[in-house]
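Line order of the protein sequences matches chains A and B.
The first sequence begins at 1 in our numbering and counts up one residue at a time.
The second sequence begins at 1 in our numbering and counts up one residue at a time.
Virtual Cβ for every residue (Gly too), placed ideally from N, Cα, C.
These notes are about the structure you will find just below.
2 protein chains.
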Amino acid sequence: MIIDRVTEPLKVGVLGFGGLGQAAARILAPKKEMTWVAAADRKGYAYEATGLDVDGAIAAYRGRNSVGYLEPQGTLSNNSIEDLLSHGDVDGYFLALPNLPNTFMADVARQFIKSGWQGVLVDALKRTSAVEQLLELQNELKEAGITYLTGCGATPGLLTAAAAVAAQSYAEVHSVKITFGVGIANWEAYRATIREDIAHMPGYNVEAAKAMSDEEVAALLNKTNGILALENMEHADDIMLELAGICSRDRVTVGGVVDTRNPKKPLSTNVKITGRTFEGKISTHTFILGDETSMAANVCGPAFGYLKAGMALHRRGMSGLFTAAEIMPQFVK
Amino acid sequence: MIIDRVTEPLKVGVLGFGGLGQAAARILAPKKEMTWVAAADRKGYAYEATGLDVDGAIAAYRGRNSVGYLEPQGTLSNNSIEDLLSHGDVDGYFLALPNLPNTFMADVARQFIKSGWQGVLVDALKRTSAVEQLLELQNELKEAGITYLTGCGATPGLLTAAAAVAAQSYAEVHSVKITFGVGIANWEAYRATIREDIAHMPGYNVEAAKAMSDEEVAALLNKTNGILALENMEHADDIMLELAGICSRDRVTVGGVVDTRNPKKPLSTNVKITGRTFEGKISTHTFILGDETSMAANVCGPAFGYLKAGMALHRRGMSGLFTAAEIMPQFVK
Numbered sequence: 001m002i003i004d005r006v007t008e009p010l011k012v013g014v015l016g017f018g019g020l021g022q023a024a025a026r027i028l029a030p031k032k033e034m035t036w037v038a039a040a041d042r043k044g045y046a047y048e049a050t051g052l053d054v055d056g057a058i059a060a061y062r063g064r065n066s067v068g069y070l071e072p073q074g075t076l077s078n079n080s081i082e083d084l085l086s087h088g089d090v091d092g093y094f095l096a097l098p099n100l101p102n103t104f105m106a107d108v109a110r111q112f113i114k115s116g117w118q119g120v121l122v123d124a125l126k127r128t129s130a131v132e133q134l135l136e137l138q139n140e141l142k143e144a145g146i147t148y149l150t151g152c153g154a155t156p157g158l159l160t161a162a163a164a165v166a167a168q169s170y171a172e173v174h175s176v177k178i179t180f181g182v183g184i185a186n187w188e189a190y191r192a193t194i195r196e197d198i199a200h201m202p203g204y205n206v207e208a209a210k211a212m213s214d215e216e217v218a219a220l221l222n223k224t225n226g227i228l229a230l231e232n233m234e235h236a237d238d239i240m241l242e243l244a245g246i247c248s249r250d251r252v253t254v255g256g257v258v259d260t261r262n263p264k265k266p267l268s269t270n271v272k273i274t275g276r277t278f279e280g281k282i283s284t285h286t287f288i289l290g291d292e293t294s295m296a297a298n299v300c301g302p303a304f305g306y307l308k309a310g311m312a313l314h315r316r317g318m319s320g321l322f323t324a325a326e327i328m329p330q331f332v333k
Numbered sequence: 001m002i003i004d005r006v007t008e009p010l011k012v013g014v015l016g017f018g019g020l021g022q023a024a025a026r027i028l029a030p031k032k033e034m035t036w037v038a039a040a041d042r043k044g045y046a047y048e049a050t051g052l053d054v055d056g057a058i059a060a061y062r063g064r065n066s067v068g069y070l071e072p073q074g075t076l077s078n079n080s081i082e083d084l085l086s087h088g089d090v091d092g093y094f095l096a097l098p099n100l101p102n103t104f105m106a107d108v109a110r111q112f113i114k115s116g117w118q119g120v121l122v123d124a125l126k127r128t129s130a131v132e133q134l135l136e137l138q139n140e141l142k143e144a145g146i147t148y149l150t151g152c153g154a155t156p157g158l159l160t161a162a163a164a165v166a167a168q169s170y171a172e173v174h175s176v177k178i179t180f181g182v183g184i185a186n187w188e189a190y191r192a193t194i195r196e197d198i199a200h201m202p203g204y205n206v207e208a209a210k211a212m213s214d215e216e217v218a219a220l221l222n223k224t225n226g227i228l229a230l231e232n233m234e235h236a237d238d239i240m241l242e243l244a245g246i247c248s249r250d251r252v253t254v255g256g257v258v259d260t261r262n263p264k265k266p267l268s269t270n271v272k273i274t275g276r277t278f279e280g281k282i283s284t285h286t287f288i289l290g291d292e293t294s295m296a297a298n299v300c301g302p303a304f305g306y307l308k309a310g311m312a313l314h315r316r317g318m319s320g321l322f323t324a325a326e327i328m329p330q331f332v333k
C-alpha cells in the first residue's frame, strides 16, 4: 500500500490568505489527518503548533489585511515566508498564492530551497510558462529534499488527472479539451484570481491585469455583463500532459466562461478526452464536474489530496518536481 | 518526475490467452516502450526475447488451443507458468486470467512468490473477495520483491481511478455508483468473461457458472434475448476505494448490462461520485466512457498503464500490493 497509515496529523501551512487561502483553511479545519498550523500573506504570518483558529485568522485578514494581526499567534513581517520558515515546524505547504507576477511561484520555490527547509510543496498554478520556470528548478528541488507537486488545483489538477486516467483507453490521444464554468457571487472575494482570468482575455496580459484597479475591473465587468469568456487559454494542463507522455501540448485546449455575478455556473465544467483505440476506433471519454461544487472545493480539495500523496513520496526519499498528471492524489480524512 | 525516461523497452508477458490476453498482445504490438516477449495458457507457453508474433500466437491458440503450439517459440507444458518463469527474462506480467475458481489469482501470485522472480504483476480482477485473498499475501509479495497492482482493468481499474480523482472535491464521499454497458458481437470469444458475468446473476455463483457448458450458456442467453442484467455486483471497486480511505465499501455499487449479441453498448459506461463539499453542498461528478471504446481497450489499456507505473515503483524498491485507486497509471507509447 502506498497509502501511509498516518498516526500523527500532518502539520500543514497555507501561503497566501485571499479567497483561496481562506477556503483552504476552512477545508483543513475538520480534517483529522492534517492540522492547519501556519499561514502567511504579504504583511505577516501566523503559526501555532496545535492548530490555528480559522475564524480568527479570517477576521484578522478581513479586518486588517493580514493574518499577522491574529492574536496571539500573528507576527507582522515584510519577509513573512522567510520568517515563517525559520520559526515554524511545518510538514507541507499549499501555495495558495496568485502567481502575479508570473515568476512569483518560482521565486517562492527558490526561497524554500535557500532556507534549507525540507517537506512537501503544492501549488495550484495555472500557466504553462510558470510550470516551465519550475522545471528549471527541478534538480535544485531534488537536491534540497523538497517534494514539489505543481498544477494541483482544478485545471490544471483535478481535470488533468482525470484526463491522464481517461487516456489509458487509447493507443493515441488526439485531443484533451477542457471547458470550465465558474460562477461567483462576489468577485471582490477573489480579486487576484479574477485578474488572472482577465490576463487570459484578448488584449490583456498578466502585467496589465495586475495593474488594474478594482474600479477598472468593475468597469470591464460592467461592459461584459459580468461574464468573462476565455478561449485557448495558456493553461499548464498542456505541458503536464506532455510531460506525462500522454500527448503533445498542442492537442490540449482550455477555455471557459466565468460569471462574476452569479454563483450558478454558466456551464458544467468538463474535460473531453478523444483518442484512437488499438482497434482503430475514435471515441471520447467525458468527465463532468457537478455544478454544485465550487472553484474553492475543486481547487483546494485536490491540492491537499496531492499534499498527502506528496508526503508519501517524501517519506520514501522521493524529492524533486512532480505534476498532478503523474501522481494519484490521496483522500484526506 | 516519477515518469522514467525509458531507454530500453520493458519486457512484458501476458498470462492467459483468451479474448483478453489476445487483445493485450495486439495492444502491445505497436508499443515502443514495451515488448511482448512471453505468453502462457493452461497447456503451454511461448517466449521470445526479441518479441513474439501476435498473429502467429493467436493462430496457434485458435487452431490448437495453446500458444505452446507456436513455432518455434512455443513449448507445451502442464506447468506453463512455472516453466515460463524458469526460462524467460520478463520485467512484468499482465495476468489476463479469468479468476475461476475465485482463488486462482492468489494461487498464481503464490507461484510467483515461490519462484523467486522479481518484477511487476498486474491483474484485472473483478471480485472483492479475490482482492481480499491478495491482501493476505501483501507481506509475502513485499518480501519477495514483487510489485503487485490489483484491480487494474476497467471496473475495477479505470473507473475506480476516476472515482479516486473525483473524490478530491469532497469533504465526504456519499456514494460511488458504477454502471457499465458492454456490447459484444460474439460471446464465444469471451467464454470465461461471460461466465464470470453469469456468476454475478441471481441464482448463480462462480462454481455453477464455471460448470456451465457452452450449450447451457447459449440456452440462458436465448432466454434473456442475449442480455445479462447485473445489479449489486461483488466488484472490488468497493474494497479498493475503502483501502484508499475514500469511503466505506458499502457506499460503492456496481451494476451493468451486457448485450452478448450486439457490439453496440446498451448504455454508456459511467461512474457517478456523489459527496458533500466543505461548504455543505451535495453534488455529483460523472465520468462517462465513450461508447466506441471496447471492453478490451478499457481493460488492457489501463492494465499496461499500471504496469508501467508499477515498474517506476519497483525500480525505486517499492514492492508489495497496490491498487488502481492509489497509483496514477502511466501512458505507454
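B:THR179 counts as buried, since at least 16 other C-beta atoms from the protein chains shown sit within 10 angstroms of its C-beta.
In the DSSP assignment, B:VAL173 falls within the unbroken beta strand (DSSP E) covering 172-183.
Secondary structure note for B:LEU135: it is in no beta strand (DSSP E), and the uninterrupted alpha helix (DSSP H) holding it is 128-135.
Annotation: the continuous alpha helix (DSSP H) that includes B:ASN222 extends over 214-223. Of A:ALA46, A:THR147 and A:VAL254, the smallest CA-CA separation from A:SER175 is found for A:VAL254. Bounds of the alpha helix (DSSP H) holding A:ALA60 are 54-64. Residue range 295-315 is occupied by the alpha helix (DSSP H) that includes A:ALA297, with no beta strand (DSSP E) assigned at that position. Apart from the 5 residues on each side of it in sequence, A:GLN22 sits with its Cβ closer than 6 Å to the Cβ of ILE58 in its chain, given in chain order. With a contact defined as Cβ atoms closer than 8 Å, B:LEU125 and B:PHE112 miss out at about 15 Å. Proximity of chain B to A:THR277 at the Cβ level (cut-off 8 Å) is accounted for by GLU292, THR293, SER294, ALA297 and GLY301, in chain order.
For A:ALA38, the uninterrupted beta strand (DSSP E) run begins and ends at 34-41, by DSSP. Taking 8 Å as the CB threshold, A:ALA39 stays off the interface with chain B. A Cβ-Cβ separation of about 13 Å leaves A:MET105 out of contact with A:PRO156 under the 8 Å criterion.
Within the same chain, GLY151, ASP237, MET240, LEU241, ALA324 and ALA325 come within 7 Å of A:THR160 by CB-CB distance, once the 5 residues on both sides are set aside.
Checking the DSSP bridge columns, you'll see B:TYR148 partnered with B:LEU121 and B:LEU321.
Pairing B:ARG315 with B:GLY119, the inter-Cα distance amounts to about 9 Å. Proximity of the stretch 124-142 of chain B to the stretch 221-235 of chain B meets the contact definition, three or more beta-carbon pairs being nearer than 8 Å. Within the stretch 230-280 of chain B, the complete alpha helix (DSSP H) segments at least 4 residues long are 237-243, listed from N- to C-terminus. Boundaries for A:LEU97: no alpha helix (DSSP H) harbours it, and the DSSP string shows neither H nor E there.
Around the beta carbon of B:ALA296, 16 or more other beta carbons sit within 10 angstroms, so the residue counts as buried. Counted as a single uninterrupted DSSP element, the beta strand (DSSP E) harbouring A:SER283 occupies residues 282-288. Minimum Cα-Cα distance from B:GLU188 among the listed residues B:LEU135, B:GLU207 and B:ASN262 corresponds to B:ASN262. The contact set of B:PRO30 on chain A, defined by CB atoms closer than 9 Å, consists of ALA171 and PHE278 in chain order. For A:ALA49, the secondary structure class from DSSP, reduced to helix, strand or coil, is coil.
Between B:LEU289 and B:THR260, the CB-CB gap reaches or exceeds 8 Å. Within the stretch 65-91 of chain A, the runs of alpha helix (DSSP H) at least 4 residues long that lie entirely inside it are, in chain order, 80-87. Here DSSP, grouped into helix, strand and coil, assigns A:VAL14 to strand. Close to A:GLY305, with beta-carbon spacing below 7 Å, are these residues of chain B in chain order: GLN168. Taking 8 Å as the cut-off, the beta carbon of B:GLY51 is found no closer than this to the beta carbon of B:MET311. Taking the Cβ atoms as the reference, B:ALA39 lies roughly 13 Å from B:ALA49, outside the contact range of under 8 Å. When DSSP states are grouped into helix, strand and coil, A:TYR204 belongs to the coil group.
Per DSSP, the continuous alpha helix (DSSP H) segment holding A:ILE27 begins and ends at 19-28. When C-alpha distances from A:ASN65 are compared across A:GLU132, A:ASP197 and A:ARG42, the shortest belongs to A:ARG42. Secondary structure at A:ILE227: strand, using DSSP grouped into helix, strand and coil.
In this structure, the CA atom of A:LEU158 is about 10 Å from the CA atom of A:ALA164. For the options A:GLN330, A:GLY203 and A:LEU321, the alpha carbon positioned closest to that of A:LEU137 is the one of A:LEU321.
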